[in-house]
Every structure is written in C-alpha cells, then in structure tokens.
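Residue numbers (our numbering), protein chains in the order written: chain A, 1 to 194; chain B, 1001 to 1194. These notes concern the structure reproduced below.
There are 2 protein chains.
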Amino acid sequence: MTESEKGPLGRRRGRGARERILSASQQLFREQGINRTGMDQLCAVAQVSKRTAYQHFPSKDELVAEYLRRFDPEIMPGVFDRTDLTPRERLLAAFEIPASMPLCPYIGAAVELHDPEHPASQYARDYKVAIAARLTETAREAGATNPEQLGEQLALLIDGASARTRVLNSESFPTAAAIAEVLIDNAIPASAQR
Amino acid sequence: MTESEKGPLGRRRGRGARERILSASQQLFREQGINRTGMDQLCAVAQVSKRTAYQHFPSKDELVAEYLRRFDPEIMPGVFDRTDLTPRERLLAAFEIPASMPLCPYIGAAVELHDPEHPASQYARDYKVAIAARLTETAREAGATNPEQLGEQLALLIDGASARTRVLNSESFPTAAAIAEVLIDNAIPASAQR
DNA sequence: TGCTATGTACACCGATTTGTGTACGTAACG
DNA sequence: CGTTACGTACACAAATCGGTGTACATAGCA
Chain A
1 MTESEKGPLG RRRGRGARER ILSASQQLFR EQGINRTGMD QLCAVAQVSK RTAYQHFPSK
61 DELVAEYLRR FDPEIMPGVF DRTDLTPRER LLAAFEIPAS MPLCPYIGAA VELHDPEHPA
121 SQYARDYKVA IAARLTETAR EAGATNPEQL GEQLALLIDG ASARTRVLNS ESFPTAAAIA
181 EVLIDNAIPA SAQR
Chain B
1001 MTESEKGPLG RRRGRGARER ILSASQQLFR EQGINRTGMD QLCAVAQVSK RTAYQHFPSK
1061 DELVAEYLRR FDPEIMPGVF DRTDLTPRER LLAAFEIPAS MPLCPYIGAA VELHDPEHPA
1121 SQYARDYKVA IAARLTETAR EAGATNPEQL GEQLALLIDG ASARTRVLNS ESFPTAAAIA
1181 EVLIDNAIPA SAQR
C-alpha cells in the first residue's frame, strides 16, 4: 500500500518472476495451505501478473510440485552432513526443529491433494523415502544392529511429531526425541557405544 | 442408476434424512477428503435434497464438525474396554487397525481445514487429548512408572503411523507397534511385569 | 538499431463452490 | 379429518476457482 505500488503504467518488478512466484508459494502454501491459496492471491503476493505465472508453470498442480521440490532443504537434510556431531548426535539432531514448522509440507501436500498420483504427492513419497534412507545410513554409522529398522522407526517418530503438533497446536518434538533416545540406545549394542 | 431412482415426482426416501446425510459424510469425506466433496455431491449420495441438508445443518462447517463427533468410535476406544486383555495387551491392541483406515479423520480434518478455530479442528484436538488420556490411564493400570509420558508417547506413535501410511501409501502400523513394545517394556519396572 | 524473451494489464471464460428462496408434496399423528 | 413437521424440486445468487486471449511495454543482447 506504499507509493511503490503499481501505478496505471505499472512499475516493473523485474525479471525474477519465477523466483518471486516460488517464494510466494513457500509463504502462502505454508501459512494457508494449498487449497485455500488461489492463484490470484499468489500472483498478487508475488507481484507477478497471472499471465506470467502461467508462462512459467503449466498449471497450479505443477507449481505445487515444484514448490515441494524447491522446498528449502536446509533444515532436515542439513543435520546429516554435520561432521562435528557423532552419528548418534546426528540422529537426535533431526528432532530439533526450528519451531517455525507448522506441519511438514510433504505431509500437508499429501493430505490436501488427496491424490497419490498427483506429482506433488509422488515427490512427497520420494522425499520421505529419502529421509528414511538417510536416517538408516546414519544409524548404520552409529553401529545399530538393524539400521533399516531404526531408520524407519525414527522417520515415523518425526512424522508423528509433525502431525501431532499440527492437530494439538502444541509442540510434540520433545516427546519424539525422548522416544528416539530410547530406541537408539536399544538398537546399538553396548560394545559399539562410546 | 437403477429403476428406484427419483422419478419426475420423486420417490420419497423417507424421514431419516439427517442420518443419511451423516452416513454419506462418513463415506465421502473419508474417500475424497472434505474440501473435495461438495454439498451437491454429498446430497446426491445421501439421496436428500440440498434444502433438507441445510435445514439440518446450518453450514458445511457444522456438518463437518458433526461428522467428526459422530465418527464411529468403535475402533480405537473399543480396545480400552476389552476386559479379556491385560492392560499391556490393550495398549498394543491400539496399534492393530483394520487397514480400511486411510488416514485418521481427525488429522485429516485438522490439515484440510487449516484453521485451529474451526469447530471440527477443536473437536479433533479434544479427541486426541481424550485418546492420550485413555492410553495414560491404561498405562497406569499396566504399572508404568510414568504413565503420562508413556500415554503421550503411544499417542504420538499412532499419529505417526497414520500420517506415514498416508504419505507413503504403505502400512506403517507394524513399525509403530514394534516401537510401542519397546517403550512399554522400558516403562514398566520388572517387578510389575507379568 | 532492431529482434526476442520476458513481463504486464485486464477482461473474460466455464466450472464449481456454499448457501437461499419459493412453492409444493406427503407422512405421521392428533 | 386437519394440522404440522419433514422432505422435495428447481432455480438462482454471489463468490471463487483454475486458466486464457489479447494487446502492449520493456529489458537484454546482437
């Protein structure tokens, strides 16, 4: 609403339309959900004409899929690369989420879209599998006797905390972290610990 | 599409309109989700005129809330009343879901509606708290040293399995049950077991 | 300079959404 | 019987949805 709004001969916002669209997607799809965010509103926030949006993305469905693919992957996958932590600490670090996480967007997309064939749903599935694989890999480094099992278990805890945080509107990751600690200690033979 | 369809002077479907509406809600909201089910389709399945539907429910939002309240509570709460099982067995029985459960409808509603103030979201929260309380109560019967903690942990496992089953399109409750077994055994002192 | 890619403004489409207004049947019950 | 509550048919409103058509402006590059 400032003076920098589009005049009758609209101020040009520049060439980075695609990035602005994806940035607005991150904000709006997270804050309001996918279904409750119309393309009109999204374009208004991105300061992009609707025509431009549809020149970059063939449909909203494809935009949603790209939104998931471009989802800032620094939080979760980042912990797996922290060489300053032991494998065990890395497993536990996956449960320290930055509180600005209302709901895992992959779960949110899968539930909202309600179609397993939707490109975004497919990517959500791939992502969840990849995270579980990373957890399994780290569990193996930590010396777990059954790393696949521990990886899948920890992945389930993360999703449980995410879903429960959303429904109850209260933080559930500490609970999940407590469970994780028990599972990890149970899964790593005493000889491999420390 | 059989001959029993409404003719020009429509065959009367009888007085049980409200029940038919709620029954159709159970079916459609589960199969297609809430947002993707329009009132027109819902009324068609319920064999009820749209006018009648809005005479029973002031709005779709209220219908959704009532759909959750009326949700057949035989599966989950039922296991808590099974006197043929030990408390420990009852806790584990909560993880045996009948596979016809695509996603916990309470989680689904909370995610789809995307508004914590929505009456259905509020009820979902209440329901989740109630289930956790039942688990806590049973955990206390089983002799857990910290029943509140164990109850909350088991509740998180159930929600994690539900969410993960939905996203991955593959059964996750066995994984959750395996974790539950570990947690239960860890939470009950040896003296109280058996 | 002029060409091309990118972005813009804005009206518009058809479909779908929740929700009403109106006038009419009919079943149940006194 | 008549009354009343319940249910019906159908049109329609107002908003919103995803998506397009058209004509124009500008930035970057050769």
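Note that beta-carbon positions come from the ideal geometry of N, C-alpha and C, so glycine has one too. Treat the numbers as computed from the prediction; the structure is a model and nothing was measured.
Minimum Cβ-Cβ distance from residue i to chain B less than 8 Å
i	result
R20(A)	no
K128(A)	yes
E5(A)	Residue placement at E5(A) cannot be trusted, given a pLDDT of 35 that sits under 50; what the coordinates show is reported in the next sentence. By this cut-off, E5(A) is not an interface position.
E152(A)	yes
Q207(A)	In the structure as shown, chain A starts at 1 and stops at 194, and residue 207(A) therefore has no counterpart that could be examined.
R88(A)	no
Contacts that residue i makes with chain B (C-beta to C-beta distance below 7 Å)
i	result
L183(A)	I1179, V1182
S172(A)	L1156
Residue i at chain A interface by Cβ criterion, 8 Å
i	result
S1100(B)	no
Y1123(B)	no
H1114(B)	yes
Y1106(B)	yes
V1045(B)	no
T1175(B)	yes
N1146(B)	no
Other residues of its chain near residue i: CB distance less than 8 Å, five sequence neighbours each side excluded
i	result
A1176(B)	F1095, L1157, I1158, G1160, A1161
N1146(B)	A1187
G38(A)	none
I75(A)	I97, P98, M101
L103(A)	S162, A163, T165, R166
S1059(B)	none
V1045(B)	A1024, Q1027, L1028
Residue range of the alpha helix (DSSP H) that includes residue i
i	result
S1121(B)	1119-1141
V1167(B)	1147-1168
F1029(B)	1017-1032
I1075(B)	Looking at the DSSP string, I1075(B) is not in any alpha helix (DSSP H), and its letter there is neither H nor E.
A1180(B)	1173-1187
C43(A)	39-46
H114(A)	Looking at the DSSP string, H114(A) is not in any alpha helix (DSSP H), and its letter there is neither H nor E.
A1092(B)	In the sequence as displayed, the identity of residue 1092(B) is Leu instead of Ala. Start and end: 1087-1093.
T1052(B)	1050-1056
Chain B residues whose Cβ lies nearer than 8 Å to that of residue i
i	result
L103(A)	V1111
L168(A)	R1125, K1128, V1129
Residues near residue i by beta carbon distance below 7 Å, same chain, minus five either side
i	result
A110(A)	S121, A124
F1057(B)	L1063, E1066
E141(A)	P87
F71(A)	P105
Contact belief for residue i with residue j at Cβ below 8 Å, rounded distance in angstroms
i	j	result
R90(A)	R82(A)	6 Å
G1151(B)	A1132(B)	5 Å
E1112(B)	I1034(B)	5 Å
Q1047(B)	L1028(B)	The Cβ separation is near 13 Å, so there is no contact.
R1030(B)	P1087(B)	Going by Cβ atoms, the distance from R1030(B) to P1087(B) rounds to 31 Å, so no, they are not a contact pair.
R134(A)	P77(A)	7 Å
K128(A)	V1167(B)	5 Å
T1052(B)	A1024(B)	Actually they do not touch by this definition, with Cβ atoms about 12 Å apart.
P1116(B)	N169(A)	5 Å
R15(A)	H1114(B)	With 8 Å as the limit, R15(A) and H1114(B) do not qualify as a contact, their Cβ atoms being about 33 Å apart.
A1155(B)	L1092(B)	Not a contact, Cβ separation roughly 14 Å.
Sequence-distant residues of its chain with Cβ nearer than 6 Å to residue i (five each side left out)
i	result
L183(A)	Q153
D185(A)	none
P119(A)	A65
A1192(B)	G1143
S1172(B)	A1161, R1164, T1165
T1136(B)	P1147, E1148, G1151
P174(A)	none
Where residue i meets chain A, residues with beta-carbon distance less than 9 Å
i	result
G1160(B)	A155, L156, L157, I158, D159, G160, A161, S162, A163, R164, A176
L1091(B)	Within 9 Å Cβ-Cβ: nothing; L1091(B) doesn't reach chain A, min ~15 Å.
Cross-chain neighbours of residue i in chain A, by beta carbon under 8 Å
i	result
R1036(B)	H114
Contact list for residue i against chain A, beta-carbon separation under 7 Å
i	result
V1064(B)	Correct list: empty, because the minimum Cβ distance to chain A is about 14 Å.
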